[in-house]
Structures are given as C-alpha cells and as structure tokens.
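Trainee:
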Amino acid sequence: MLRIRIHGRGGQGVKTASQVLGSAGFLSGYQAQDFPLYGAERRGAPIVAYTRLSPEPILERGPIARPDLVLVGDETLLQDPLAAPLGGADESTALFINSIHGAEDLKAHFHLPVLPVAFDLTDICARHIKRGTVLSSALAAVGARMSGIVEMDTLLTAVRMELSDLGVGEEMIAKNLDLAREVYAKAPSAVFKPKKREPLSASLMADLRQEDVANAAPLILAPANMALRKTGNWRERRPEIDLNVCNGCWICFIRCPDGAIHMDENDKPAIDYDHCKGCLICAEECPSDAIKILREVTSWA
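Residue numbers for the sequence shown follow my numbering, beginning at 41 and rising by one.
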C-alpha cells in the first residue's frame with residue numbers, strides 16, 4: 041500500500057489534490073481512499089489530506105501516521121509544531137517541498153531526514169492559472185509522478201473529472217491540464233523503501249462514559265489568551281503599507297477583521313505581522329492604493 045500525506049493551508053487546494061490523486065489511482069486499477077482533515081475552514085490555516093492506494097482492499101482507516109510520501113505545499117509549515125508535516129517521516133519517506141530553495145539547502149536548514157524533491161510550484165501555478173496560491177492540480181501531479189504508479193494521461197483524466205465536478209469552466213480546466221503536464225514532467229519518480237509496520241490487531245472495546253461538558257469539551261477559560269496564538273504564519277501573501285502614499289484615513293484599521301492593524305503616534309497604520317493572517321481586506325479597502333501585496337511562501341530569505 042502507498043500512503044500519501046499532503047500538507048498545505050486553507051485555500052491552496054490540498055483537499056482537491058488528494059481527491060485527484062485518489063481518482064487517478066483508482067483509474068490506474070488500484071483501490072483508493074482519500075480524505076482531508078481540518079477544523080473550521082479558514083483560509084491560511086494549516087490543513088492536511090490523505091490518500092491511500094493499494095492493489096488489495098484497504099482495511100486501514102483514519103489519519104496516516106507513517107507516510108510513504110509527504111507533499112508539502114507551503115514550506116512555512118515545516119516550522120509549525122502544530123502542523124508537524126514531518127511527523128512519522130523517516131529516511132524511508134519520500135518528500136516533496138514547494139519552495140524557491142534547493143533540495144540541499146532545505147535539508148540542511150530544516151534538518152530533514154531525507155533529501156527532498158523541491159521546486160517552485162507557486163511560480164508554475166501563477167504562470168498557468170494566474171493564481172499562485174491554488175496548488176491542487178500541481179500537488180496532485182507531483183504525487184502522481186512520485187508515486188510511480190500513475191501515468192500522465194490517467195492523471196489528466198482525473199484532473200478533468202474532479203475539476204468538472206467542482207464546476208470549474210472548460211478554459212480553466214485546460215489551463216490546469218497544461219499545468220499538470222509541466223509539473224508531471226518536472227518531478228522525478230520516487231524510490232520507496234519498505235517500512236517496518238506492526239500488524240493490525242484488535243483491541244479491547246473502549247467504555248465511553250458521558251462526561252460533564254466542562255470535562256468533555258476543549259473549553260478555553262483563561263481570559264485574553266487569543267494574542268498568545270500567533271497566526272501570522274497562516275499568511276500566503278503579505279500586505280505592506282507605503283507610508284509615503286498612505287493618507288492616514290484609518291480605513292484599513294477599521295476594516296481589519298483580526299485587529300492586526302493599529303494606528304501609531306503619527307496616525308499612520310502599522311501591521312502586527314505576528315497576527316496578520318493575510319486576508320488582504322486592508323489592501324482591497326485602501327482608497328489610496330498604499331498597500332502592496334507581496335508573495336510570502338518561503339520561511340527564510
């Protein structure tokens with residue numbers, strides 16, 4: 041069985057990538073299973089999706105703890121202990137990272153257990169579909185190629201099928217097909233090393249008791265703790281204010297849904313990047329176009 045885990049952020053198409061991979065595996069004659077795992081759907085929040093492909097019936101269920109292949113759509117997740125994209129990965133795991141950095145630099149910087157496959161999916165997506173943050177077809181193409189069991193024509197059929205089901209128009213589907221062709225040709229096929237896995241066995245039935253809601257639910261009772269959760273690493277794009285153009289109208293301060301913009305002593309806006317999630321409402325609302333948008337997909341310069 042081939043166990044694939046895909047990590048990214050809300051809005052990058054991680055769920056769709058797993059569906060395309062699952063469909064491509066099924067069309068290639070394999071048993072397939074794919075599903076995402078996330079809490080409340082929030083753009084920029086870390087999410088993960090799973091795909092299992094096997095020539096035999098798949099009896100496993102639930103998250104993949106020890107993946108054979110990990111696809112990382114946003115390298116900033118490698119520094120997020122809650123996302124933990126390398127959890128369960130070892131020297132036998134094949135790894136892809138969407139990055140502007142080279143494989144050797146990534147391995148050294150993040151102390152990776154293996155040399156990853158790495159290239160810039162964001163740039164390729166921006167060229168083909170004009171949306172560098174939508175990585176679904178690209179991540180699926182990398183997974184299909186590295187899996188070694190999905191041919192390009194089968195991948196393209198799966199891309200068309202899944203995007204059509206999502207209501208994507210024919211023109212955009214054609215662009216995604218060109219994108220998938222380029223990525224598939226660029227990615228190498230991985231060599232998977234066998235992992236030692238414990239055989240599945242039955243366990244004792246758990247006795248689930250009815251608990252008081254205060255004990256059963258993850259309630260947060262401490263006051264003013266929201267500031268402690270720094271959500272700045274959710275950003276895919278970064279707003280920056282040109283104070284030479286800004287007229288101090290306060291609109292960005294008023295419109296920011298997270299209170300991540302404050303006005304300084306000169307009545308000029310300043311962004312709290314520890315908590316700015318990159319929704320870019322400020323840039324959209326700015327009447328003087330003083331806020332520019334920069335790409336932010338790399339975790340170090």
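All C-beta atoms in this analysis are idealised placements derived from N, C-alpha and C, irrespective of residue type, glycine included.
These numbers were taken from a predicted model, which means no experiment stands behind them.
Determine, using beta-carbon pairs with one atom in the stretch 116–130 and one in the stretch 205–214, whether at least three such pairs fall under 8 Å.
Mentor: no
Trainee: Assign Gly-303 to one of three DSSP states: helix, strand, or coil.
Mentor: Note on residue identity: the sequence assigns Met, not Gly, to residue 303. It is a strand residue.
Trainee: Mind checking which residues open and close the alpha helix (DSSP H) that includes Thr-173?
Mentor: Segment: none, Thr-173 is in no alpha helix (DSSP H) and carries neither H nor E.
Trainee: Just mark Asn-273 as buried or exposed, buried being the case when its beta carbon has 16 or more other beta carbons within 10 Å.
Mentor: With 16 or more Cβ atoms within 10 Å of its Cβ, Asn-273 is classed as buried.
Trainee: For Ala-91, which residues from the same chain have a beta carbon less than 6 Å from its beta carbon, with the 5 sequence-adjacent residues on both sides left out?
Mentor: Note that residue 91 is Thr in the sequence shown here, rather than Ala. So the list reads Ile-44, Ser-58, Leu-61, Gly-62 and Asp-74, once near-sequence residues are dropped.
Trainee: Grouping DSSP H, G and I as helix and E and B as strand, with all else coil, what is Glu-280?
Mentor: strand
Trainee: I'd like to know whether the C-beta atoms of Phe-232 and Gly-299 end up nearer to each other than 9 Å.
Mentor: no
Trainee: Rank Asp-114, Val-110 and Ser-68 by C-alpha distance to the C-alpha of Pro-86 and give the top, closest one.
Mentor: Asp-114
Trainee: Check whether the Cβ atoms of Ala-64 and Ala-166 sit closer than 9 Å, and answer yes or no.
Mentor: no
Trainee: Applying the 10 Å Cβ sphere with the 16-neighbour rule, what's the burial state of Gln-52?
Mentor: Counting Cβ neighbours within 10 Å, Gln-52 comes out buried, since at least 16 surround it.
Trainee: For a quick check, are the C-beta atoms of His-47 and Val-112 less than 9 Å apart?
Mentor: Yes.
Trainee: For Arg-295 versus Glu-251, is the C-beta distance shorter than 9 Å?
Mentor: Not a contact, by the Cβ cut-off of 9 Å.
Trainee: Give me the Cα-Cα distance between Leu-179 and Asp-160, rounded to the nearest whole angstrom.
Mentor: 11 Å
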